[in-house]
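Participant: Before anything else, here's the structure in question.
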Amino acid sequence: MSSKRVANWGNYPSVEAEMLESRDLDRIREHITGTSKLIARGNGRCYGDASLSKNIVSSLPLNRFLSFDIKNGVIECESGVMLSEVLAVCVPNGFFLPVTPGTKFITVGGAIAADVHGKNHHVHGSFSNFVEEIVLLDETGRFVVCSGTREPEIFWKTCGGMGRTGIIISAKIRLRAIESSYIEQTSYKARDLCEIMELFEENLSSTYSVAWIDCFAKGQKMGRSILLLGEHISGENLPIKYKNEPLLVHQEPRLNFPFTAPSSTVNYLTVKILNALYYSRQRGKVSKKAIHYDPYFYPLDRINNWNRAYGKRGFVQYQCVIPLEQSKTGMEKLLAEIEHSGQGSPLAVLKLFGEADPNAVMSFPMKGYTLALDFKVSERVFSLLDKLDRIVADLGGRVYLAKDARMNAEVFGQTYKKQVSSAKFASLQSERLGY
Ligand SMILES: Cc1cc2nc3c(=O)[nH]c(=O)nc-3n(C[C@H](O)[C@H](O)[C@H](O)COP(=O)(O)OP(=O)(O)OC[C@H]3O[C@@H](n4cnc5c(N)ncnc54)[C@H](O)[C@@H]3O)c2cc1C
0 MSSKRVANWG NYPSVEAEML ESRDLDRIRE HITGTSKLIA RGNGRCYGDA
50 SLSKNIVSSL PLNRFLSFDI KNGVIECESG VMLSEVLAVC VPNGFFLPVT
100 PGTKFITVGG AIAADVHGKN HHVHGSFSNF VEEIVLLDET GRFVVCSGTR
150 EPEIFWKTCG GMGRTGIIIS AKIRLRAIES SYIEQTSYKA RDLCEIMELF
200 EENLSSTYSV AWIDCFAKGQ KMGRSILLLG EHISGENLPI KYKNEPLLVH
250 QEPRLNFPFT APSSTVNYLT VKILNALYYS RQRGKVSKKA IHYDPYFYPL
300 DRINNWNRAY GKRGFVQYQC VIPLEQSKTG MEKLLAEIEH SGQGSPLAVL
350 KLFGEADPNA VMSFPMKGYT LALDFKVSER VFSLLDKLDR IVADLGGRVY
400 LAKDARMNAE VFGQTYKKQV SSAKFASLQS ERLGY
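Structure (structure tokens):
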């Protein structure tokens, strides 16, 4: 056990915690039965307090691969294995993650507990759809093997349950076959919100889609953005320059943000300029290119510790989803409220989700548009986010728990009708949200 100050990716909030870092399952089990409240933590890539508590069990020492069925593309590993490590093993063998978030530096346990989504939710759903089996250590110290058919109730509470059912020890994941590690990226420039939504809906058959929005653009330009579609490139269609090494794995990040800036280096002006530059970088309406999966899926992973740029007070990410029929009105209201507050987000990402999974109890996705925004921490930001919560809740949407650090219990209760509770496995977030 060690005592340390711990914060997740947004560096807000932080807590003085006792952390158990062990791969001895008997030790972990004893700790669970002997401690009144605790929570599992993976790589701390959730932004807020979902994996923070005064007592934390780190899954990082559980970092072994258990089996790889290359014929059927099923990999089994312990929960602390990182998605980057899964890629390093499966890509050279012609497999890829079936669903991947915007960073590869999360653990398999964290991917299941938050039921993470990628740029292909409208086609493939979320991570849990590809989980064949989970081994869970529950609050009584029992190892439970569960799946969609074996103990399905526990399984569906664990997928998206934010660690409330116990410690995920290991899992079996079904991979997707690929012939190359390259993606054909097609980018479209959209002049406003209407056009970007039309583009998403015209391209529903595209495997991957995501848009970067300039949330400083006002009036008629509100919602101007770049849509990036993606398809895995077959061996046959791979450009000649990549044919020598068609299944090339990503490299370690070469750049590092060396220290936490004393105050944020992200301010209104720099962010406004960056957004305008990003939008104008693409000259024509449409452009196409073959790129490696790493810059396509994980552009932010290129700079280690980029979260330090937000300064000592940290930042929050706000991600919400609004049901499809209400999405246009909702997004207009959200962008107008943000613009009005003068607190633009340096990063604003729009995606279109497919149907919600009817089995998953507390999973975030539902059919509609999801918007993700970063804001540096300040009192003004919290009052802006309370206003955004009201817009989202009144339109039947919800806020993503994996990004949240400040929502209140009333909004949570109104927007998450089904909840996974536990007296033992509790985080600062679950205590704040009162479930
Ligand atoms: C740059 C960036 C981009 C992102 N993009 C996306 C995205 O596109 N889509 C998306 O869905 N998410 C995205 N995320 C969020 C991230 O994928 C999730 O928060 C993920 O859960 C983090 O996993 P982790 O291993 O870091 O776990 P942590 O952040 O430590 O924990 C997250 C949750 O999982 C639980 N948990 C972790 N390990 C276990 C375990 N072994 N057993 C039981 N519970 C456990 C914790 O209790 C907590 O509730 C992004 C995050 C970053 C930093």
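FYI, numbering that gives the first Met the number 0 numbers position 193 of the sequence shown as 192, with every residue one higher than the one before it. Glycine included, C-beta positions come from ideal geometry on N, C-alpha and C. For clarity, every value in this text was computed on a predicted model and none was experimentally measured.
#1: Is it a yes or a no for the segment 222-239 touching the segment 188-200, going by three-plus beta-carbon pairs under 8 Å?
#2: What's the gap between the Cα of Ala408 and the Cα of Leu432?
#3: When DSSP builds the beta bridges, which residues end up paired with Met81?
#4: Taking C-beta to C-beta, are Ser426 and Ser50 nearer than 8 Å?
#5: Comparing C-alpha positions only, which one of Val56, Glu20 and Asp48 sits nearest to Ile31?
#6: Measuring only the C-alpha atoms, how far is Asn306 from Leu299?
#7: Distance, Cα to Cα, Arg63 vs Glu200?
#8: Would you say Gly159 and Val360 are within 8 Å of each other, going by their C-beta atoms?
#9: Is any non-hydrogen atom of ligand 3 found closer than 7 Å to the C-beta of Ser50, if you look at the structure I gave you?
#10: For Met0, count neighbouring C-beta atoms within 10 Å of its own C-beta (all shown protein chains included) and say buried if the count is 16 or more, exposed if not.
#11: When we look at the beta-carbon of Pro100 and count the other beta-carbons within 10 Å, is it buried (16 or more) or exposed?
#12: Using only the heavy atoms of ligand 1, determine whether one of them is closer than 7 Å to the beta carbon of His116.
#13: Can you tell me whether Met18 is helix, strand or coil according to DSSP?
#14: Go through the segment 117-147 residue by residue and report every complete run of the beta strand (DSSP E) that reaches 3 residues or more, in order.
#15: For the segment 240-260 against the segment 149-156, do three or more pairs of beta-carbon atoms, one drawn from each stretch, fall closer than 8 Å, so that the two count as touching?
#16: Rounded to the nearest angstrom, what separates Thr106 and Lys217 at their Cα positions?
#17: Grouping DSSP H, G and I as helix and E and B as strand, with all else coil, what is Phe296?
#18: Going along the chain, which residues of its own chain have a beta-carbon closer than 7 Å to the beta-carbon of Leu460, five neighbours each way excluded?
#19: How about Ser420: is its Cβ closer than 7 Å to a heavy atom in ligand 1?
#20: With distances taken between CB atoms, is the gap from Tyr181 to His339 smaller than 8 Å?
#21: Taking 7 Å as the cut-off, is the beta-carbon of Gly101 closer than that to any non-hydrogen atom of ligand 1?
#22: Taking 8 Å as the threshold, find out whether the segment 8-19 comes into contact with the segment 120-129 through three or more Cβ pairs.
#23: May I ask you to verify whether the segment 168-178 touches the segment 132-147, counting CB pairs closer than 8 Å and requiring at least 3?
#24: Can you look up Ala371 in the DSSP assignment and give me helix, strand or coil?
#25: Is any heavy atom in ligand 1 found nearer than 7 Å to the beta carbon of Thr483?
#26: So, helix, strand or coil for Trp155, using DSSP?
#27: What is the C-beta distance between Leu384 and Leu333, in whole angstroms, given that I count them as a contact (C-beta under 8 Å)?
#28: In the DSSP assignment, find the unbroken alpha helix (DSSP H) run with Thr414 in it and report its ends.
#29: Would you decide whether Cys193 is buried or exposed? Buried here means 16 or more other CB atoms lie within 10 Å of its CB.
#30: By a C-beta neighbour count over all protein chains shown, 10 Å radius and 16 as the cutoff for buried, is Glu75 buried or exposed?
#31: Pull up the CB-CB distance for Val98 and Ser78, whole angstroms please, since I reckon it's below 8 Å.
#32: Looking only at its own chain, which residues have a Cβ that is under 8 Å from the Cβ of Ile337, when we skip the five neighbours before and after it?
#33: Leaving out five residues on either side along the sequence, give the residues of the same chain with a beta carbon under 6 Å from the beta carbon of Val398.
#34: Arg163 and Val419 - do their beta-carbons sit closer together than 8 Å?
#35: Count the other CB atoms within 10 Å of the CB of Gly109; is the residue buried (16 or more) or exposed (fewer)?
#36: Taking 7 Å as the cut-off, is the beta-carbon of Cys45 closer than that to any non-hydrogen atom of ligand 1?
Facilitator: The relevant details are as follows:
#1: yes
#2: The count along the sequence shown starts at 1 and reaches residue 408 at position 409. The count along the sequence shown starts at 1 and reaches residue 432 at position 433. Answer to the nearest angstrom: the Cα atoms are 4 Å apart.
#3: For the purposes of this step, residue 81 is taken as the residue at position 82 of the sequence shown. Paired residues: Thr106.
#4: As a first step, residue 426 is located in the sequence shown; it is residue number 427 there, counting from the start. As a first step, residue 50 is located in the sequence shown; it is residue number 51 there, counting from the start. Against a cut-off of 8 Å, the Cβ pair of Ser50 and Ser426 comes out as a contact.
#5: Walking along the sequence shown from the start, residue 31 turns up at place 32. Comparing Cα-Cα distances from Ile31 to each of Val56, Glu20 and Asp48, the minimum goes to Val56.
#6: Residue numbering aside, residue 306 sits at position 307 when the sequence shown is read from its first letter. Residue numbering aside, residue 299 sits at position 300 when the sequence shown is read from its first letter. Asn306 and Leu299: Cα-Cα distance of roughly 10 Å.
#7: Position 64 of the sequence shown, counting from 1, holds the residue named residue 63. Position 201 of the sequence shown, counting from 1, holds the residue named residue 200. Taking the straight line joining both Cα atoms gives about 41 Å.
#8: Within the sequence shown, the letter at position 160 stands for residue 159. Within the sequence shown, the letter at position 361 stands for residue 360. Their beta carbons are under 8 Å apart, which means Gly159 touches Val360 by this criterion.
#9: Ligands present in the displayed structure are limited to ligand 1, and ligand 3 is not among them.
#10: Translated into the one-based positions of the sequence shown, residue 0 becomes position 1. Per the 10 Å Cβ criterion, exposed.
#11: As a working note, residue 100 is residue 101 in the sequence shown. It counts as buried.
#12: Counting from one through the sequence shown, the residue named residue 116 turns up at place 117. It does: the Cβ of His116 is within 7 Å (strictly closer) of some heavy atom of ligand 1.
#13: Against the sequence shown, residue 18 aligns to sequence position 19. Note: Met18 maps to strand in three-state DSSP.
#14: 130-136 and 142-145
#15: no
#16: Position 107 of the sequence shown, counted from the start, is the residue given in the question as residue 106. Position 218 of the sequence shown, counted from the start, is the residue given in the question as residue 217. Rounded to whole angstroms, Thr106 to Lys217 spans 39 Å at the Cα level.
#17: Here residue 296 refers to the residue found at position 297 when the sequence shown is read from its first residue. Here Phe296 sits in helix by DSSP.
#18: Nothing can be reported for residue 460, as the shown portion of the chain is limited to 0 through 434.
#19: Residue numbering aside, residue 420 sits at position 421 when the sequence shown is read from its first letter. The answer is no for Ser420.
#20: Here residue 181 refers to the residue found at position 182 when the sequence shown is read from its first residue. Here residue 339 refers to the residue found at position 340 when the sequence shown is read from its first residue. Their beta carbons are not under 8 Å apart, which means Tyr181 does not touch His339 by this criterion.
#21: For the purposes of this step, residue 101 is taken as residue 102 along the sequence shown, with counting starting at 1. It does: the Cβ of Gly101 is within 7 Å (strictly closer) of some heavy atom of ligand 1.
#22: no
#23: yes
#24: As a position in the sequence shown, residue 371 is number 372, starting the count at 1. Reduced to three states, the DSSP call for Ala371 is strand.
#25: Past the boundaries of the shown model lies residue 483; the chain is included only from 0 to 434, so the question cannot be answered.
#26: Numbered from 1 along the sequence shown, position 156 holds the residue referred to as residue 155. DSSP places Trp155 in helix when its eight states are reduced to three.
#27: For the purposes of this step, residue 384 is taken as the residue at position 385 of the sequence shown. For the purposes of this step, residue 333 is taken as the residue at position 334 of the sequence shown. In fact, because the Cβ distance is near 11 Å, the residues do not count as touching under 8 Å.
#28: For this step, residue 414 is matched to residue 415 along the sequence shown. Here the alpha helix (DSSP H) through Thr414 covers Ala408 to Thr414.
#29: Along the sequence shown, one-based indexing puts residue 193 at 194. By the 10 Å Cβ count, Cys193 comes out exposed.
#30: As a position in the sequence shown, residue 75 is number 76, starting the count at 1. Classification of Glu75: buried, given that the 10 Å Cβ count is 16 or more.
#31: The residue labelled residue 98 in the question sits at position 99 within the sequence shown. The residue labelled residue 78 in the question sits at position 79 within the sequence shown. Contact doesn't hold; Cβ gap of about 17 Å is too wide.
#32: Counting from 1 along the sequence shown, the entry for residue 337 is found at position 338. Taken in chain order, the residues that qualify are Cys214, Gly343, Ser344, Leu372, Leu383 and Leu387.
#33: Indexing the sequence shown from 1 puts residue 398 at position 399. Closer than 6 Å at the Cβ level, and outside the excluded window around Val398, lie Cys319 and Met406.
#34: Counted from its first residue, the sequence shown places residue 419 at position 420. Counted from its first residue, the sequence shown places residue 163 at position 164. Result yes, Cβ atoms of Val419 and Arg163 sit closer than 8 Å.
#35: Here residue 109 is taken as the residue at index 110 of the sequence shown, counted from 1. By the neighbour-count rule (16 or more Cβ atoms within 10 Å), Gly109 is buried.
#36: Residue mapping note: residue 45 aligns to position 46 of the sequence shown, counting from 1. It does: the Cβ of Cys45 is within 7 Å (strictly closer) of some heavy atom of ligand 1.
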